[in-house]
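One structure below.
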Amino acid sequence: MTQEIKRKLTRQTMIDKGYELINTYGYHAVSVDRIIDDADLTKGAFYYHFKDKHHFVETIIQERVSKEIHSNFIEPLNERGNPLFILSDLMHEKLLKDKSLDQNLGCPLINFINDLSHEPNEYKLQAQLKEIFDDWKIALINFLYRGIEGLYLNRHIDTEATAEFIIASFEGIRTLKKVTPNNGIFYNYIQQLKNYLDTLKIPKEEAEAQRYHLADN
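For the sequence shown, our numbering assigns the number 211 to the last residue and increments by one with no breaks.
Below, the structure written as structure tokens:
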């Protein structure tokens, strides 16, 4: 194994361990020494890759938190079809079937926001987290617009408010899972989400009228 590969593996080991520890115990409870000890690495190895804890957490947000949101919740929104089915199926998959997400730890994005939102000197980290949220919201807004254009959704819905509500409710239920072992709250949430999504449907008569108008043109 070359030195370059070893360095990359060491860096990834520290990022993964730091992500796990901070997501579990919180930003303030996890020191650089704790990360080094748990990763079974040296202080020299840590400071070879990262200037300080701030730089380390900045990297974790970029390479773990952001990637989780993009791969699990933004990229699936590129699927074409009925957005109501796509969203409810996505939430069901991520809450009840996807074993790569540790639901007992809640949502990493919310965990990091809670830890860092009131830190007076961590504006860059806060901005990173807000950017992830904004990316997700924009992706959902565009997803909803496609649903309107496809005559699945009512054209009068407030797409921005709807996107914010979907994110807030989903992240909220993941956070609540931290205090209960009962998956029943997920089933209840998914059912209520479906009920909410039903209110976004375009009225059948309006959809038929618009299809007739488009065909006539």
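A virtual CB, placed ideally from N, CA and C, is assigned to each residue, including glycine.
Alpha-carbon to alpha-carbon, residue j and residue i
{"i": "GLU14", "j": "LYS0", "result": "21 Å"}
{"i": "ILE80", "j": "ASP31", "result": "43 Å"}
{"i": "THR18", "j": "ASP46", "result": "20 Å"}
{"i": "ASP27", "j": "GLU113", "result": "21 Å"}
{"i": "HIS22", "j": "HIS48", "result": "12 Å"}
{"i": "LEU145", "j": "GLU165", "result": "28 Å"}
{"i": "LEU110", "j": "LYS198", "result": "46 Å"}
{"i": "ILE184", "j": "THR169", "result": "15 Å"}
8 Å Cβ cutoff met for residue i and residue j
{"i": "ASN105", "j": "LYS88", "result": "no"}
{"i": "PRO102", "j": "GLY141", "result": "no"}
{"i": "LYS171", "j": "GLY100", "result": "yes"}
{"i": "LEU138", "j": "LEU147", "result": "yes"}
{"i": "ALA39", "j": "THR(-4)", "result": "no"}
{"i": "SER82", "j": "LEU194", "result": "no"}
{"i": "GLU161", "j": "LYS131", "result": "Looking at the sequence itself, residue 161 is Ile, so the reference to Glu does not match. Yes, Cβ-Cβ distance for ILE161 and LYS131 is below 8 Å."}
{"i": "ASP129", "j": "ILE68", "result": "yes"}
{"i": "GLN56", "j": "GLN122", "result": "yes"}
{"i": "GLU52", "j": "LEU119", "result": "yes"}
{"i": "ASN177", "j": "LEU35", "result": "no"}
One or two residues paired with residue i in a DSSP bridge
{"i": "LEU221", "result": "The question about residue 221 has no answer, for the chain in this structure spans -5 to 211."}
{"i": "LYS11", "result": "Paired residues: none, contrary to the question."}
{"i": "LEU147", "result": "LYS195"}
Limits of the unbroken alpha helix (DSSP H) element including residue i
{"i": "PHE106", "result": "102 to 110"}
{"i": "ASP27", "result": "26 to 33"}
{"i": "TYR42", "result": "37 to 43"}
{"i": "ASP83", "result": "77 to 86"}
{"i": "ALA67", "result": "The displayed chain sequence assigns Phe, not Ala, to residue 67. Counting along the chain, PHE67 falls outside any alpha helix (DSSP H), and DSSP gives it neither H nor E."}
{"i": "THR224", "result": "The displayed coordinates of the chain run from -5 to 211. Any statement about residue 224 would go beyond what the structure contains."}
{"i": "HIS48", "result": "47 to 54"}
Query raised in the report: Is the segment 143 to 163 in contact with the segment 45 to 64, if contact means three or more CB pairs nearer than 8 Å?
Result: Short answer: they don't touch.
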